[in-house]
């Protein structure tokens, strides 16, 4: 339950019950049946730039948005925003890059959206404070629920036998 630290005991008990009954994957499949079409770095860049244009027009530009298979989800790095400054001529140029953990290529669409929104919000607000989460909620209405469900998804993937599974399989009906 390493992805669910800080949640109330009653919530964790509900998650444990879903795991014990083998229904966590089914729960996630029902809540998030849609897959996204953002399969490569170019599509991810376009997706992020469309969100930036809609919600953060005056935020600094992004030079790159890419999936990164080196991000360590165990270290809680689902995505990163980095800024690299270089001197070119007499000017200081900053390049900003968003990297998203590669496992989100196969995650539900809302979860990828949540990661991108989170990293875009860091263009305006660096700290994880009230203003940051208000901006995230502005860009993605159910941000907090989707963040929790993403933590459930990561927990489900980390379970024995589920780690090799790349997609949530819908329940048999």
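Residue numbers (the UniProt record's numbering): 1 to 173.
By construction, the Cβ of each residue, glycine as well, lies at the ideal position given by its N, Cα and C atoms.
These numbers come from a predicted model, not from an experiment.
Boundaries of the beta strand (DSSP E) around residue 95: 91-101. The C-beta of residue 89 has fewer than 16 other C-beta atoms within 10 Å across all chains shown, which makes the residue exposed. Taking 8 Å as the upper bound for CB-CB distance, residue 146 and residue 110 are in contact here, some 5 Å apart.
Nearest Cα to residue 34 within the set 6, 108, 114 and 157: 108.
The beta carbons of residue 31 and residue 142 sit no closer together than 8 Å.
Secondary structure of residue 7 (DSSP, three-state): coil. Residue 82 and residue 137 have their C-alpha atoms spaced approximately 22 Å apart. Cβ atoms of residue 139 and residue 55 come within 8 Å of each other, at about 5 Å. Contact between residue 153 and residue 100 fails: their C-beta atoms lie close to 14 Å from each other, not under 8 Å.
Take the alpha-carbon of residue 20 and the one of residue 60: they are about 46 Å apart.
Rounded to whole angstroms, residue 128 and residue 118 show a C-alpha spacing of 10 Å. Beta-bridge partners assigned by DSSP to residue 108: 35. The C-beta distance from residue 135 to residue 124 rounds to 6 Å, short enough to fall under 8 Å.
Taking 8 Å as the cut-off, the Cβ atoms of residue 43 and residue 37 count as close.
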